[in-house]
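First residue of the sequence shown: 123, per this note's numbering; consecutive thereafter.
Virtual Cβ for every residue (Gly too), placed ideally from N, Cα, C.
Worksheet: one structure, shown below.
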Amino acid sequence: MYLSPIIFNSLGFSAEQIGSGVTTAAFAGITTRFGTGYLLDKKFSYGKAIKVACLISILSDFILFYSQNFLTYLCGQFFLGAAAGIYWPSAELAIPLNCNSEINSSEGYSLARSADAIGVTLGVCLGTIGTYFEFTRIIYFIDILCMLYIFNILLNKLGVFKIKGDIEFKYKYLREKSNLNWIGQLFPLLIITLFVTGVMSLLQSILPIDLAKGGIIRPPFIEKSVATLLTIKLVLLAIFQWPVGYILRNKNSPFKFRLCLISILLGFIFLSLSNFFLDGYLLILISFIPLTIAICIFLPSASAAIIKSCPVKYQGSAIALYSQCFGVSSLTIPWMAGKLIDNFDTAFQLWLIVSLICILLIPISKDIK
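Shown next as C-alpha cells:
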C-alpha cells in the first residue's frame, strides 16, 4: 500500500485528500483494535481473527482497484484500516505464544519484522515495475493473492492457535498484577510509540507526496522515480531488519529507544537539507539509512517490551493498546501533514517540526522499563 499515494496523486487528489484517506483507515483500525483486543483476552482464536482480516483486506483491494473518485477511495481505505486493526493485535500476540525454548520473544519479533520488511519490499518492487507499464494498481492484485495464500495456510497447514503450556509458567510473576498499574508503567513507551508510528505514517503517506511535489530548490520527481526511491528505502529495511534486531537483542530498552530516536533525528535532518539542493535526492538516499535503522530498532523492541510488561490475562488488550498508537498516529498525522504541505507547498517545515519533537523525546527513553 506504500504506492497508493502515488496512484491517487496522479488522479488529481490533493495532499489533504490523500491524508484524509489514511485518516479514515486509521479510524476504522482504532475501532476494530479495541474489539479485537477484548476478544483475544477472552481466548478468541487469533487464527480466526486473521482469517477475517484477510477477507476484509480482499474487499478493500477490489474497491481501491476500481476507485476513481474520492468517495470510493475513502471506502476502500476504511476497509483496509479495519482489516489492519483486526490483523495486527492477533499477529503480534501469536508471535511470543509460538516461540519455543530455542528462540525468545525478542528474536521472534525480529524475525517477524524481517518477514514483514521482505514482503513489503517485494510488493513495492512489483508495484514499481507496474509503474513502468503504467499499471501501478497491480499492487492491489498482489495483495489479494497474498491474502488468499495466508488464508490457505491458516485453513490447511498450521495448527498453532493454542496457547502453549509453558507460556503461563514463563510469565508467572506477571499474573500477580491483578490491577491496571501496568498501563501507567507503559506510558513512556506508548508516548515514544505514538511518535515513531507517526514518523512511519509520514514516510508511507507524505514522503511520496513530498518527492512528487519537490522541495524549495529540489525539483519534483516523476512517478517512476518516486516509486524507485521508495523501493530502495524498503530494500534497505529488508536488508537491515534482522541484523539490527539480532545485534541489539540483548541491549536494554532505554539504550535501544535512545538510539532509535537519534537515528530518526539524523534522518530528518538530511530530509530537511535535501530541500535546498538541486541534487537533493542524494541527501534523501542518505536519510534512508538512519531512518531505516531506527525502524529496525523500534519494531521488534517495542513489541517485545509490551508483551514482557503486562500480565498474561491482559496481553490481548496490551497489544491492542500498543497497536492503537499506529491507528492514532495515522488518524491525525497524515491529515495535518497534508494540510501543512498544501499551505507551504513543500514538506521542509514538516521535517523541521518532526526533528524538534524528536529532540524533546530523547530524554524520555531513559524511563522505559
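**Prompt:** Thinking C-beta only, is residue 205 closer than 8 Å to residue 182?
**Reply:** yes
**Asked** Heavy atom of the ligand ADP less than 7 Å from the Cβ of residue 225, yes or no?
**Response** Only the bare structure without any ligand can be found here, which leaves the ligand ADP out of the picture.
**Prompt:** Where do the ends of the alpha helix (DSSP H) carrying residue 342 lie?
**Reply:** Element bounds for residue 342: n/a, residue is neither H nor E.
**Request:** Taking all protein chains shown into account, decide if residue 459 is buried (16 or more other Cβ within 10 angstroms of its Cβ) or exposed.
**Result:** buried
**Message:** Quick check on residue 437: buried or exposed, where buried means 16 or more other Cβ atoms within 10 Å of its Cβ?
**Reply:** buried
**Request:** Specify whether the segment 364-380 and the segment 408-423 touch according to this definition: at least 3 beta carbon pairs, one from each stretch, less than 8 Å apart.
**Result:** yes
**Stretch pair the segment 335-351 + the segment 244-256: three plus CB contacts closer than 8 Å** = yes
**Message:** Within the continuous alpha helix (DSSP H) that includes residue 256, where are the two ends?
**Reply:** From DSSP, residue 256 is part of no alpha helix (DSSP H); its letter is neither H nor E.
**Request:** Scan the segment 309-335 and note each continuous alpha helix (DSSP H) run of 4 residues or more that stays entirely inside, going in chain order.
**Result:** DSSP runs (the alpha helix (DSSP H)) wholly in the segment 309-335: 309-327 and 329-335.
**Message:** Quick check: residue 213 and residue 185, are their CB atoms within less than 8 Å of each other?
**Reply:** no
**Assigned exposure category for residue 374 - 16 Cβ within 10 Å defines buried** = exposed
**Prompt:** If we count Cβ pairs, one from each stretch, closer than 8 Å, do we get three or more for the segment 321-340 versus the segment 445-458?
**Reply:** Cβ pair count under 8 Å is three or more, so yes.
**Prompt:** Where does the unbroken alpha helix (DSSP H) through residue 429 begin, and where does it stop?
**Reply:** 403-430
**Message:** Taking 8 Å as the cut-off, does the segment 381-396 touch the segment 466-483 (at least 3 CB pairs, one atom from each stretch)?
**Reply:** Result yes; three or more Cβ-Cβ pairs closer than 8 Å.
**Prompt:** Thinking C-beta only, is residue 328 closer than 8 Å to residue 463?
**Reply:** yes
**Message:** If contact is defined by three or more beta carbon pairs under 8 Å, each pair taking one atom from either stretch, is the segment 425-432 in contact with the segment 133-151?
**Reply:** no
**Request:** Could you tell me whether the segment 461-477 touches the segment 392-408, where touching means 3 or more Cβ pairs closer than 8 Å?
**Result:** In this structure the segment 461-477 touches the segment 392-408; the number of beta carbon pairs closer than 8 Å is three or more.
**Rounded distance between the beta-carbons of residue 160 and residue 409, thought under 8 Å** = Actually they do not touch by this definition, with Cβ atoms about 40 Å apart.
**Item:** Backbone secondary structure at residue 167 - three-state DSSP
**Value:** Looking at residue 167 - three-state DSSP - the assignment turns out to be coil, as it is neither helix nor strand.
**Request:** Assign residue 190 to one of three DSSP states: helix, strand, or coil.
**Result:** Three-state DSSP puts residue 190 in coil, outside helix and strand.
**Prompt:** Assuming residue 414 and residue 362 make a contact with CB atoms under 8 Å, what is their CB distance in whole Å?
**Reply:** Yes, they are in contact, since the Cβ atoms of residue 414 and residue 362 sit about 5 Å apart, within 8 Å.
**Request:** Measure the CB-CB distance between residue 162 and residue 211 and report whether it falls below 8 Å.
**Result:** yes
**Prompt:** Roughly how many angstroms lie between the CA atoms of residue 368 and residue 227, to the nearest whole one?
**Reply:** 12 Å
**Prompt:** Considering residue 442, what are the terminal residues of the alpha helix (DSSP H) in which it resides?
**Reply:** Its alpha helix (DSSP H) spans residues 437-466.
**Asked** Within 10 angstroms of its Cβ, does residue 191 collect 16 or more other Cβ (buried), or is it exposed?
**Response** exposed
**Prompt:** By the 10 Å Cβ neighbour count, where 16 or more other Cβ atoms means buried, how is residue 372 classified, buried or exposed?
**Reply:** exposed
**Prompt:** Since residue 400 is in the alpha helix (DSSP H), which residue starts that stretch and which ends it?
**Reply:** Looking at the DSSP string, residue 400 is not in any alpha helix (DSSP H), and its letter there is neither H nor E.
**Prompt:** Starting from residue 128 and walking both ways along the alpha helix (DSSP H), at which residues does that stretch end?
**Reply:** Element bounds for residue 128: 126-132.
**Asked** What does a CB cutoff of less than 8 Å around residue 343 pick up in its chain, not counting 5 residues either side in sequence?
**Response** 333, 334, 336, 351 and 403
**Asked** Considering only residues of the segment 130-157, which uninterrupted beta strand (DSSP E) runs meet the minimum length of 3 residues and lie entirely inside it, listed in chain order?
**Response** The qualifying runs do not exist here; there are none.
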